[in-house]
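Undergrad:
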Amino acid sequence: MKFITSNKGKFREAREIAEKFGIEIEWLKMEYEEPQGSQLEEIAKRSAEILAREIREPFFIEDSGLFIEALNGFPGPYSSYVFKTIGNKGILKLMDGISNRRAYFKAVVAYFDGAKISVFDGIVYGEISPEIRGSKGFGFDPIFLYRGRTFAEMGEEKNLVSHRRIALENFFRTISGK
Ligand code: IMP
């Protein structure tokens, strides 16, 4: 089965998890246009439907986002756009003076088995840090606090608890029947 992503880090992480379930995955390095939508599940499913018209063999994709409670779930499905525009500094500015810092990352996997599409998700809860901390990781990792440390301070340890890990394990467990 193929994992369609332009992100090498995501592929490596998925390959390692898949191996535990006796599943071999191949990297199909490719960028694709994501349809707009207000739910990650819907966006991932629609992206997979579009890709399935071209790629007729089994594949999966993964899409994720950061959801901040005090901002009613913003940036959510718009996470990559918000990261590119206002970035971590912008998020901290929006959160200035807000005491409810609760947030979560969510990852959605959409899997095409050659005939139909199924969706799996994973969530990790944490808080928005008062300041940017740590230099490992990517994206919102330096402002996402998990049990006292930011994801960017955790390095490899992040991959053991991340939203992506949970979604991928859910997915591989289901299809392997383990
Ligand atoms: P993607 O479309 O799934 O690659 O992710 C959308 C955006 O969410 C990315 O641009 C990142 O800014 C953010 N994001 C997703 N997963 C993570 C993560 O594990 N750590 C930090 N930021 C993330």
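Residue numbers for the sequence shown follow the working numbering, so the first one is 1 and each next one is one higher. Every residue, glycine too, gets a C-beta built ideally from N, C-alpha and C. It should be emphasised that the depicted structure is a prediction, and the values quoted were computed from it without experimental measurement.
#1: Candidates 20, 7, 6: which alpha carbon is nearest residue 177's?
#2: In the DSSP assignment, what residue or residues form a beta bridge with residue 28?
#3: Given this structure, state the Cα-to-Cα distance separating residue 264 from residue 25, to the nearest angstrom.
#4: For the beta strand (DSSP E) containing residue 145, list its first residue and its last residue.
#5: Please report the Cβ distance between residue 106 and residue 137, rounded to the nearest whole angstrom; I am assuming they are in contact, meaning their Cβ atoms lie under 8 Å.
#6: Hey, quick one: how far does the alpha helix (DSSP H) through residue 40 stretch, first residue to last?
#7: On the DSSP bridge list, what partners appear for residue 126?
#8: Any heavy atom of the ligand IMP closer than 7 Å to the CB of residue 133?
#9: Which one of 43, 75, 74, 72 has the shortest CA to CA distance from residue 61?
#10: Using a threshold of 8 Å, state whether the C-beta atoms of residue 1 and residue 59 are closer than that.
#11: Using CA atoms only, rank isn't needed, just tell me which of 165, 70, 156, 124 is closest to residue 145.
TA: The relevant details are as follows:
#1: 20
#2: 4
#3: For residue 264 there is no data in the structure shown, the boundaries of the chain being 1 and 178.
#4: 144–146
#5: 17 Å between Cβ atoms; not a contact.
#6: 40–52
#7: 103
#8: no
#9: 43
#10: yes
#11: 124
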